[in-house]
Each structure stands twice: as C-alpha cells, then as structure tokens.
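In our numbering, the protein residues as written are 2 to 507.
Encoded structure:
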C-alpha cells in the first residue's frame, strides 16, 4: 500500500507539472475567459446538477464563450446562438470527433457505432444508417410497425379500463411502445407481449431493460484523471463492463436467431419489404465483410435500442405534464385530430403531416425540456472561435437550454406556447432551435423519433380523456420548468365515448 501511495503521489505531481507547462505554453495565446480553477480537478466542482443551469450561471458571468478545465480535458462551452454561429459551420469538421473516453471504448464495439471518430469509417456507418434505417423509404416501410405497436398498447389500455386497472405509469407505457417498435424494426419481433396487461410486470421489465439500454450517465474519474484510472477501473468501469456483457448477450441472441433465416428470402422485392435491420446487415456482411463486421452489426443494434428509445420516451414523458397543466392545449390538439380524422378511425402515419399543432406541442416541449447539453465533441486541431484560440483536443459543450430560453430569441421564453412554432415559425431560424443537434453530428433519427412521438401522443389524445392519478399526500401535478417532477407520472385514461366503437374493434 505504501508503494501505491507514493506512486499515486508521484503521478499527481507529474500531472500538476504537465498542467503548469501546458498553461505556460498557452498563456501567450488568446484563450476564452475561464473561472478560477482548483489544482488538478480544474472546474469539476462548478458542474452541479442540473448541469445546463450551472453552465448558464457561468455564462452569465463569463460570457457566451468560456473555457473550463475538467481534469485533463480543456472544455469549450457555447451558450448563445451567436457563439454557435461563430463555431459552425466553419469549424464543423474540426469539432466532428467525440471525446475519447477510455471507460467507454469497450462499450462502443471498437468504434463501430455512430459515435465513432470522424473519418471514412464514420461516414460509411452514417451513410448506411441514413439509407437503410432512417431514409423516407425505410420510414414508410416501417409505418405499419408503428401503427400496429401503438394500437397494440392502446387496445390493452382500453381493455384494462373495464377491469378497474386504469392508473398507468407513463414511463413504462411509453417505453414499452418505443422498445417494441425498435425491436420489430431491428429483429422482427416485439419484446413486450400480452404481459402488458399486468402493469407491474411491464414496469419490472422496463426497469431491467433500462439497466442495459439506458444512456450512460456515470462519470468515470479515470477518463478525466488518467492517474486515477487504476482506481476507477475496479469501480465504475467494472460495473459498466458487467452491464455491457449482459447487453452484448441480449444483442447476440437477436443476431443468432436470424443467422439461419436470411437465406429464406427468394426475391429482391421480398428483401426490400420484409427484411429487418439485422437481415439487411447480415446480407451486407456477405458482400462487404471488411466494413460490415460483427462489431458493426452489434454497434448498430445497440444504438437503435438506446438512442431509438430513450430520447423519444423522455420527450413524451415531458409532453404529458405540459398537456395536463394546459388543458386548452390538450383540447386544441384533440380538436385538430377530430377535425381532420373524425371518429370513425384512428390516426395513422399519413395523417401526421396534416396535424401541425400536434407537432408544435412536441417542438415546444423539446425547446423547454431539452437534454442538458448536446453530446460533447472534441477538436481535432487548433482553431479559432469568436476570436479566441481553441487548442487541439478541446471538448465542446453546447448548452441547449441557454439558447432555447434566450429572451432575445424567444418571446416569453419560459412560457409553454406551442403556437409560437405555428404562427411565426420562429423556431425554424438557424441555430435557434437545436433540439436534435447541429452540423455533421446532427441526430439522423429525427424523422423516426418525431413520427413515433406524434403517432403515440396523437392516438392517446384521440382515444382517451386524461386525468392525473393524484396522490393525496403530494397533490396534483404541476409543471415546474426549473425543477422537474421526480415522483412517477401516472395518468388515468378513460375511453372517449365517440371512440368506443373503434376501440372495441382493435
């Protein structure tokens, strides 16, 4: 133990010397303003939850462009549209890498996901994803899956309403819909079957899936303090690897189930209409084995099951309290659906383009409740942003909340006003609404996500009257834009009388 103690002390001293010399090398350069830091840890102590609020507070003091040092990682923070315009698109390629975090590398299938380093391999992965998963043709082909899975869950809601089982945990409900949709796109089968009739079983299965397929929110200190990695490897990293092993086994089982079935397709037309993502990739593996490796297949499935569900579910969860707190908005959406679709059938994908107010509700929710910051990037070479020198290897944080709540950009920015996207189209101005990212790393799944959210929420609004399942000890739900609700969001769905005949036929 004494030897390890002295070794750690020596490494710490060397790290301090390295930081001091690095600062001396950069002191003659025009770096962005930066708060006073603490030796070794830099500015880690300033990043308190919620992180977007902490960054906004720092921006108010140091300006829309400032620099933090998180351990060994210099980090540029942009907190205004003007600052983003200073950075993009001129430096888009330079900031097209993701930070290399040692703890995450084993979990990314050797850089075979959409989070791979920028370059030819990443471009090929993204091109495949856009053409074979997110293109208009593919989204049209998967429209029946979305319709069937949403109606599958709505049928159980309707059935449960006659059995006295009316209180619904929205997180579990939305996750079951989203995961079933992605599972059928990926592997051709749903994960949640008739056991969704038992809401407790569904919640238990959701919790189990989230352990495997939730985005990683844990920070491994060894990623930012290399001299501590020998310590964190046996803590956070070991736990992440254990979870990844379970996830890998789950994904491998999906692939194994398709290994002997891809040859069953006999015509090109059949392949175009009935193949799952796994089928497509297994065939691509035969023709392009150097590109489409086992790791690429697993990495693609992993991204679909994580990114294809989590952000969609989180947004739909955020929409519900806004609608419950603004019954006039809920009624406006219902009137729009009733006027366009009527009461003789349920909405489908082809109706979505004619339901602009429904999309406004989703966009306004994304504006008010975005992710804290966009997924970080890292500069591949020195560059200039806003007249400041930005060294190579600098992380980039874009604070979406600061942009989406900027009173100079948005009228009454803290107010829930879906019509702002309908009347003035103010959200369509460049770098003003960045819920899905910016530049080359913009989310390619925006089209799929918006379709799933609009169809899911639209169907629930069309078919049911909503009522919050209040807890007498806590009172009714109230939307708090600064402190999100922590207790489970539970809603009572009562079938609308005008839709009972349609629901009974599901």
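All C-beta atoms, glycine included, are put in the ideal place defined by N, C-alpha and C.
| Query | Result |
| --- | --- |
| Proximal residues to residue 84 (C-beta, below 7 Å), its chain only, five neighbours per side dropped | 65, 66 and 387 |
| Segment limits, beta strand (DSSP E) that includes residue 68 | 66-71 |
| Run of the alpha helix (DSSP H) containing residue 465, from where it starts to where it stops | Counting along the chain, residue 465 falls outside any alpha helix (DSSP H), though it belongs to the beta strand (DSSP E) covering 465-469. |
| Collapsed DSSP secondary structure at residue 327 in the structure displayed | coil |
| Same chain, Cβ closer than 8 Å to residue 360, neighbours up to 5 away in sequence not counted | 353, 422, 451 and 455 |
| Integer Cβ distance of residue 446 from residue 309, believed to fall under 8 Å | 6 Å |
| Residues that DSSP places opposite residue 397 in a beta bridge | 77 and 378 |
| Distance between beta carbons of residue 435 and residue 401, contact taken as under 8 Å | 6 Å |
| Buried/exposed call for residue 231, threshold 16 Cβ in 10 Å | exposed |
| Nonlocal neighbours in the same chain, by C-beta distance under 8 Å from residue 490, ignoring five residues either side | 170, 171, 172, 318, 321, 322 and 478 |
| Cβ distance (whole Å) where residue 140 is taken to contact residue 448 below 8 Å | 6 Å |
| Sequence-distant residues of the same chain with beta carbon closer than 8 Å to residue 255, five excluded per side | 187, 188, 279 and 302 |
| Extent of the continuous beta strand (DSSP E) to which residue 170 belongs | 168-170 |
| Range covered by the beta strand (DSSP E) that runs through residue 492 | 491-496 |
| beta-carbon residue 389 near the ligand ADP non-hydrogen atom, thresh 8 Å | The ligand ADP is absent from the structure shown, which contains no ligands of any kind. |
| Proximity winner among 298, 398 and 102, relative to residue 252 (alpha-carbon distances) | 298 |
| Sequence-distant residues of its chain with Cβ nearer than 6 Å to residue 114 (five each side left out) | 300 and 304 |
| Through-space distance from residue 382 to residue 90, alpha-carbon basis | 15 Å |
| First and last residue of the uninterrupted alpha helix (DSSP H) at residue 384 | Taken as a continuous stretch (DSSP letters only), residue 384 belongs to no alpha helix (DSSP H), being part of the beta strand (DSSP E) at 384-386. |
| 9 Å Cβ cutoff met for residue 464 and residue 95 | no |
| Same chain, Cβ closer than 6 Å to residue 468, neighbours up to 5 away in sequence not counted | 493 |
| Cα-Cα separation between residue 49 and residue 506, rounded to whole angstroms | 51 Å |
| Alpha carbon of residue 156 to alpha carbon of residue 46, nearest angstrom | 49 Å |
| Length of the line joining the Cα atoms of residue 437 and residue 364 | 11 Å |
| Residue(s) in a DSSP beta bridge with residue 391 | 384 |
| Reference residue 242, options 374, 226, 260 and 219, closest by Cα | 219 |
| For residue 142, the first and last residue of its enclosing alpha helix (DSSP H) | 137-142 |
| Residue burial classification, residue 206 (beta-carbon count within 10 angstroms, cutoff 16) | buried |
| Residue 224, buried or exposed, once every other Cβ within 10 Å from all chains shown has been counted against 16 | buried |
| Contact between the stretch 328-343 and the stretch 136-154 (3+ Cβ pairs under 8 Å) | no |
| Nearest-angstrom Cα separation, counted from residue 408 out to residue 376 | 24 Å |
| Local Cβ density within 10 Å of residue 235, reported as buried at 16 or more and exposed below that | exposed |
| Proximity below 9 Å, CB of residue 211 to CB of residue 192 | no |
| Contact under 9 Å by Cβ, residue 81 with residue 104 | no |
| CB contact flag (residue 147, residue 503, <9 Å) | no |
| Between the CA atoms of residue 313 and residue 215 - distance to the nearest angstrom | 12 Å |
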